[in-house]
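Asks: Right, I'll just put the structure down here and ask away after.
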Amino acid sequence: MSSLVGLVKSCYRGLNNTIRRSRGEDMRFYADGFPIDAWMDKSYDEWFRAHKAGEAELKRQRDAWVDFSIQPTFSFIVPLYKTPSEYLHTMVDSVLAQTYPNLQLVLVNASPELGELRAEVAAYCAKDGRIDVVDLKDNLGITENTNAGLEVATGEFCCFLDHDDYIDADLLFEYVKALNANPQIDVFYCDEDMVIADEHGGGFKHCNPFFKPAYSPELLLSRNYAIHLMTVRRSVLDSMPRPDASFDGSQDFNMILFSTFAARSVCAIPRVMYHWRISDTSTATNPDSKPYSLRSCRKAIDAQLARRGMDAGIVGTGLYLLHDVWLEGAPAASVSIVADVTGCHRDIAWFAEFCQQSFSRFDAEFIVVGCQDDCAVFEAHHDGALVVCSDDAGRLDRLNAGAAQAHGDVLVFMDGDCLFTTPEPLRQLAGWCSMDGIGIAAPKILYRNGTNKSYGVAVTSERIMPMYRGYDDDFPGYQCNLRAMQNVSAVGLQGMCVRRDVFERIGGFDTSFGAEVGAVDLCRRVLNEGLRIVATPTVKIEVDEAAPERRFDCASNAPDYPAADIERFDEKWPGVRAAGDPYLNPNLDQSSSYQQLPARR
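Residues 1 to 601 in UniProt numbering are what the sequence shown lists, from first letter to last.
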């Protein structure tokens, strides 16, 4: 099963040896303040056991499922290949224990030479009529073995389960409950974790949780974050070209890319209900065990880029099975840069010359706003800039004034203290922003020492907060999110690229806010237009600003997100923060920028 688990482990390796654990009350930080995210949190096993469905709840579900008006059948497709007896029993028993009973279990046996496995499968068939067996004459590879199982599956939905993993008893009940609330759902996935067999006490120890965001189509281009338990409506699968063995190692990724693109609605269930057994032959712990996964992963992404009509290439990140997308070809949209040079720390003449050299090849319209004196300096050193002198005190007022003079398809906002540090930033931002379904594209924002200032902004019940503040630029972050494409609820102002027609339709920036919360408010209105917001690590912008002395301070709102602005946001958008941020899993601490488990009391 293709995953990023191995690379995440390697990225974190050594932290425990180089940084001693704090003895303070909050054990989610090392002594130097470095945050311990949910992946690394040693208390996760305790957290999981406290949050899993208890026997009383499972009993209630076994009685309550009959009240659902929609009661589909779910077909589990499980290819078996040299499956150890222990793995088989754990997996099959977990499926048969579902509190929602309308299911079919299709076991595809690709090990005909193993008499013991064949006998155990036959015994299960005799025990439960919901089990069907496909006996293959030979191992055809994971993709073709799965295809063989699909040929006998009869359910309205198909679930793809690995032979060495298992699920919790409430999984199907939760899926069906969501389906009854939204009958348009075509694809499901849920949170998951990894398990290690307890050799002494029996059972499993749970670790390394995958707390996932709501459906994130751009993140899915970087990595298969959805993974398990991938469940797809049969009619969607039937519309998919039959995959062949060339997708082995990433057959699940290829399927989830196609099915989510074709789906009417995709549902993420924020409960840990899938458990991924750690083994030496799994890409979970040993990426080198399936070297063909890298080739098939890139093939799956290429196919998705073609489906989306994107002229783009795949960029390696240096991390296993993690990719970014580089937009190519002719610029997809004309660009107007709106730069506010009021009160900037940099030398304005130097900034003007830098912009002239950086953006002249892209043929972008450059609009400078600021006071009379600053604009005069800029104009003297930048040929062709449109200068808009504004005495307005507010930064958002000035940016609105500049945007009103723009002619480009998209607007890129920056100020005199910002510098793009990556190649072709306008091509990348404008390209993403002009795609169907996307209204804003944004870069990773760095302090001048190269640490992260903001890579997306979370809007939660506890805070409006910049994500990953303080991490080094090359640190992967939780599930490697800091190195991957992201779908987010909001972004920072520096480098923000927004479609001009949308910007004008929603009335530009609300100048009653300060700059950063004003950007969040604009993002909220863009989301209400039915458009997505994308952050890309292929574009970086550096601000001439020192990083905070306390790099990982999660105790309060960042100073650039003042309480008065957040109070105003709540007045304008009642209920938005209480509803939570769909891209920050609700199981995580809603006041932490670092995707941590909630603080232990």
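Ideal Cβ placement from N, Cα and C applies to all residues, glycine included.
Just tell me which of VAL410, SER259 and ALA226 has its CA closest to the CA of TYR583.
Replies: The residue with the shortest Cα to Cα distance from TYR583 is ALA226.
Asks: Within 10 angstroms of the Cβ of VAL520, are there 16 or more other Cβ atoms? Answer buried if so, exposed if not.
Replies: By the neighbour-count rule (16 or more Cβ atoms within 10 Å), VAL520 is buried.
Asks: Is it buried or exposed for ALA579, if we count other Cβ within 10 angstroms and need 16 for buried?
Replies: Its Cβ having fewer than 16 others within 10 Å, ALA579 is exposed.
Asks: Is it buried or exposed for GLY431, if we count other Cβ within 10 angstroms and need 16 for buried?
Replies: Classification for GLY431: buried.
Asks: Below 7 Å CB to CB, which residues in the same chain sit around ALA38 once its five sequence neighbours on both sides are set aside?
Replies: If we look at ALA38 and ignore the five residues flanking it on each side, its Cβ neighbours are TYR44, PRO209, PHE211, TYR478, LEU588, GLN595, GLN596 and LEU597.
Asks: Taking the alpha helix (DSSP H) that LEU386 belongs to, which residues open and close that run?
Replies: That residue, LEU386, is in no alpha helix (DSSP H); its beta strand (DSSP E) goes 386–389.
Asks: Bridge partners for THR451 per DSSP, in chain order?
Replies: THR451 is bridged to ASP472.
Asks: Please classify VAL66: does DSSP put it in a helix, a strand, or coil?
Replies: Looking at VAL66 - three-state DSSP - the assignment turns out to be helix.
Asks: Quick one: is GLY24 buried, meaning 16 or more other Cβ sit within 10 Å of its Cβ, or exposed?
Replies: Bear in mind that the predicted position of GLY24 carries a pLDDT of just 48, short of 50, making it too unreliable to give a figure here.
Asks: If you measure between the beta carbons of TYR189 and HIS228, is that distance less than 8 Å?
Replies: Closer than 8 Å, so yes.
Asks: Does the region 494–504 come within contact of the region 436–444, defined as at least 3 CB pairs closer than 8 Å?
Replies: Counting Cβ pairs under 8 Å, three or more are found: they touch.
Asks: Can VAL106 and VAL152 be called in contact, C-beta distance under 8 Å?
Replies: Against a cut-off of 8 Å, the Cβ pair of VAL152 and VAL106 comes out as a contact.
Asks: Hey, which unbroken runs of the beta strand (DSSP E) at 3 residues or more fall wholly within the region 364–439?
Replies: As far as the region 364–439 is concerned, its whole beta strand (DSSP E) runs of at least 3 residues are 365–370, 386–389, 410–415 and 418–420.
Asks: How many Å lie between CYS207 and LEU322 at the Cα?
Replies: Whole-angstrom Cα-Cα distance: 22 Å.
Asks: Looking only at DSSP bridge pairs, what is LEU107 linked to?
Replies: The partner list for LEU107 (beta bridge, DSSP) reads VAL78 and VAL133.
Asks: Below 8 Å between beta carbons: does that hold for PHE378 and ILE348?
Replies: A contact, by the Cβ cut-off of 8 Å.
Asks: How is the alpha helix (DSSP H) around LEU321 delimited, first residue to last?
Replies: Looking at the DSSP string, LEU321 is not in any alpha helix (DSSP H), and its letter there is neither H nor E.
Asks: If you pair each beta-carbon of the region 131–150 with each one of the region 242–252, do three or more pairs fall below 8 Å?
Replies: With a cut-off of 8 Å, the region 242–252 and the region 131–150 count as touching, because enough Cβ pairs lie within range.
Asks: Take PHE503 as the anchor and find which of ARG525, VAL488, LEU482 and ASN487 has the nearest alpha-carbon.
Replies: It is ARG525.
Asks: Which first and last residues belong to the beta strand (DSSP E) in which ARG277 is found?
Replies: Here the beta strand (DSSP E) through ARG277 covers 265–277.
Asks: Kindly indicate the opening and closing residues of the alpha helix (DSSP H) around GLU218.
Replies: GLU218 -> alpha helix (DSSP H) spans 217–222.
Asks: Could you check if GLU192 is buried or exposed, using at least 16 other CB atoms within 10 Å of its CB as the buried criterion?
Replies: Counting Cβ neighbours within 10 Å, GLU192 comes out buried, since at least 16 surround it.
Asks: Is GLY115 helix, strand or coil when you go by DSSP?
Replies: Of the three classes helix, strand and coil, the one that applies to GLY115 here is helix, per DSSP.
Asks: Just grab the DSSP bridge partners of TYR543 for me.
Replies: Residue 543 is actually Val in this sequence, not Tyr. According to DSSP, which records beta bridges pairwise, VAL543 is partnered with CYS418.
Asks: Less than 8 Å between the beta carbons of VAL236 and SER265, yes or no?
Replies: No, the Cβ-Cβ distance between VAL236 and SER265 is not below 8 Å.
Asks: Relative to the C-alpha of ALA245, which candidate in CYS297, ILE278, PHE475 and ALA56 has its C-alpha closest?
Replies: Selected option, being the one with the closest Cα: CYS297.
Asks: Measure the alpha-carbon distance for LEU240 versus GLY439 and round it to whole angstroms.
Replies: The displayed chain sequence assigns Met, not Leu, to residue 240. One C-alpha to the other measures close to 29 Å.
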